[in-house]
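S.K.: Position 337 (the sequence shown) corresponds to 337 in the working numbering; numbering is contiguous.
All residues carry an ideal CB built from backbone N, CA and C; glycine is no exception.
Here the structure is a predicted model, which is why all the values come from computation and not from measurement.
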Amino acid sequence: MRVGILTGGGDCPGLNPAIRGATLRLIREGYEPVGIQRGWRGVLDQLTTPLNADIVDEIIQQGGTVLGTSRTNPFRKEEDTKRLFESLEALRLDALIAIGGEDTLGVAYKLHQHGVQVVGVPKTMDNDLSGTDYTFGFDTAVGVAVEAMDRLRDTARSHARVIVLEVMGRNAGWVALYSGLAGGADWIVIPEVENDMDEMCDYICALRSHGKVYALIVVAEGIEMPYEPPQENLQMDAFGHIILRERGIGAWLAKEVENRTGFETRYAVIGHVQRGGPPTMFDRVLATRLGSKAAELVTQRQFGKLASLRGTEIVAVPLQDALAESKRVPVELYEEIKQIFKRSY
Ligand code: F6P
Numbered sequence: 001m002r003v004g005i006l007t008g009g010g011d012c013p014g015l016n017p018a019i020r021g022a023t024l025r026l027i028r029e030g031y032e033p034v035g036i037q038r039g040w041r042g043v044l045d046q047l048t049t050p051l052n053a054d055i056v057d058e059i060i061q062q063g064g065t066v067l068g069t070s071r072t073n074p075f076r077k078e079e080d081t082k083r084l085f086e087s088l089e090a091l092r093l094d095a096l097i098a099i100g101g102e103d104t105l106g107v108a109y110k111l112h113q114h115g116v117q118v119v120g121v122p123k124t125m126d127n128d129l130s131g132t133d134y135t136f137g138f139d140t141a142v143g144v145a146v147e148a149m150d151r152l153r154d155t156a157r158s159h160a161r162v163i164v165l166e167v168m169g170r171n172a173g174w175v176a177l178y179s180g181l182a183g184g185a186d187w188i189v190i191p192e193v194e195n196d197m198d199e200m201c202d203y204i205c206a207l208r209s210h211g212k213v214y215a216l217i218v219v220a221e222g223i224e225m226p227y228e229p230p231q232e233n234l235q236m237d238a239f240g241h242i243i244l245r246e247r248g249i250g251a252w253l254a255k256e257v258e259n260r261t262g263f264e265t266r267y268a269v270i271g272h273v274q275r276g277g278p279p280t281m282f283d284r285v286l287a288t289r290l291g292s293k294a295a296e297l298v299t300q301r302q303f304g305k306l307a308s309l310r311g312t313e314i315v316a317v318p319l320q321d322a323l324a325e326s327k328r329v330p331v332e333l334y335e336e337i338k339q340i341f342k343r344s345y
């Protein structure tokens, strides 16, 4: 039985361990894994590559994805959708393991509805997928952001500056919140909670008057700004998402803080640095277990399912659970963490 494995959407650390976990488990069960390159683009163009134990042997520590990825949406244009089904037929796949976020899994779910034997593995560094407690890629990305904060703290203190760190996070502020907490930020701004600029700037001034000459702010790229750049100046991906980095949230917030406080303020955007590099132990273990579970679901013919983390268990949930509303930071959690980052004087 030939089982295709693909990775779609933005890459993140953990994709290779997931490919490895699925490949090794499929081989153990007597199935033939087939790599599909560049996500759904690879299905459309029938781009395959062999996968075996030797090929995946040394990929556990590699960031990115050895299969390549794309943000191709095969349901966007009618001609692509037609070609999608023709290509699936031509590839002679008995089943498909789709490793990806909301968009990739959305395509997988549609295929499942059309009778394609597909299972999903959830990934996103944003950690905003429903249907699973954590996604791999998140832990590594937060680690990178925390390291950036440690470095920014040194230079912020030396120059008595405010520094704003812009991190990824489209609809959800998980990366900003966890990086801010673990990196000891003075203020955290996330899309789920409206930021009170007066409160934030007054607090930064209070810090200074109590002797702390610098401040670190972490902001998620997806927060709302009072004036959005004209849409025509912004690029969109194939799923219709604006490329957020171009909105320049970090730059805008830094300017605003400087104008309001009078303190010299800089910003840093770590962007895709968060998405590269070796996965952490947590991401390697989670991704390997999820990949292996997806292979098991194929052998059990549990199609239309998603391998998912529930507590410490890896379980199967319906694919559509991952497509429900994106998992956002609860306001109560933000408030809890604010008790720490906003000290009282
Ligand atoms: O979806 C994950 C994500 O990392 C978002 O946080 C970010 O806005 C986006 O991908 C960037 O995608 P791309 O690499 O396609 O610019």
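For Ala-146 and Gly-183, I'd like the C-alpha separation in whole angstroms.
M.R.: Residue identity differs from the one stated: residue 146 is Val in this sequence, not Ala. Near 5 Å, if we compare the C-alpha coordinates of Gly-183 and Val-146.
S.K.: Just to confirm, does Gly-120 get its C-beta within under 7 Å of one of the non-hydrogen atoms of the ligand F6P?
M.R.: No.
S.K.: For the beta strand (DSSP E) that contains Val-285, what are its first and last residues?
M.R.: Here Val-285 belongs to no beta strand (DSSP E); instead the alpha helix (DSSP H) covers 281 to 299.
S.K.: Tell me, which residues are paired with Leu-216 by DSSP?
M.R.: Partner(s): Ile-163.
S.K.: Distance, Cα to Cα, Gly-359 vs Val-193?
M.R.: Shown here, the chain extends from 1 to 345; a query on residue 359 therefore has no answer.
S.K.: Does the distance between the C-beta of Asp-237 and the nearest non-hydrogen atom of the ligand F6P fall short of 7 Å?
M.R.: Yes, the ligand F6P has a heavy atom inside 7 Å of this Cβ.
S.K.: Going by C-alpha to C-alpha distance, which of Trp-40, Gly-277, Asp-198, Ile-223 sits closest to Ala-98?
M.R.: Answer by Cα proximity: Trp-40.
S.K.: Going along the chain, which unbroken runs of the beta strand (DSSP E) with 3 or more residues stay wholly within the segment 53 to 81?
M.R.: Here no run is fully enclosed.
S.K.: To the nearest angstrom, how far is it from the Cα of Arg-352 to the Cα of Tyr-214?
M.R.: Examination of residue 352 is not possible in this model, given that the chain is present from 1 through 345 alone.
S.K.: Suppose you measure from the CA of Arg-28 to the CA of Gly-101; what does that come to, to the nearest Å?
M.R.: Between Arg-28 and Gly-101, the C-alpha separation is close to 27 Å.
S.K.: Compute every distance between the C-beta of Arg-41 and the non-hydrogen atoms of the ligand F6P, then say whether any falls below 7 Å.
M.R.: Arg-41 Cβ: outside cutoff for every heavy atom of the ligand F6P.
S.K.: Does DSSP classify Glu-29 as helix, strand or coil?
M.R.: Coil, per DSSP.
S.K.: What is the DSSP secondary structure of Lys-185, reduced to helix, strand or coil?
M.R.: For clarity, residue 185 is Ala in the given sequence; the question names Lys instead. It is coil, neither helix nor strand.
S.K.: Between Gln-61 and Pro-278, is the Cβ-Cβ spacing less than 8 Å?
M.R.: Yes, Cβ-Cβ distance for Gln-61 and Pro-278 is below 8 Å.
S.K.: How many whole angstroms separate the CB atoms of Gln-274 and Ala-141, which I take to be in contact at a CB cut-off of 8 Å?
M.R.: So it is a contact: roughly 4 Å between Cβ atoms.
S.K.: Return the CA-CA distance between Gln-300 and Ile-36, expressed in angstroms with no decimal places.
M.R.: About 22 Å.
S.K.: From this set, Cys-201, Gly-304, Ile-217, Leu-306, which residue's C-alpha is nearest Gly-262's C-alpha?
M.R.: Closest by alpha carbon: Cys-201.
S.K.: When you compare the CB positions of Leu-165 and Val-218, do they come within less than 8 Å of one another, or not?
M.R.: Taking 8 Å as the Cβ cut-off, Leu-165 and Val-218 qualify as a contacting pair.
S.K.: By the three-class DSSP mapping on this structure, what secondary structure does Met-149 have?
M.R.: The answer is helix: DSSP assigns Met-149 an H, G or I state.
S.K.: Taking 7 Å as the line, does the beta carbon of Met-225 fall inside it for any heavy atom of the ligand F6P?
M.R.: Every heavy atom of the ligand F6P is 7 Å or more from the Cβ of Met-225, so no.
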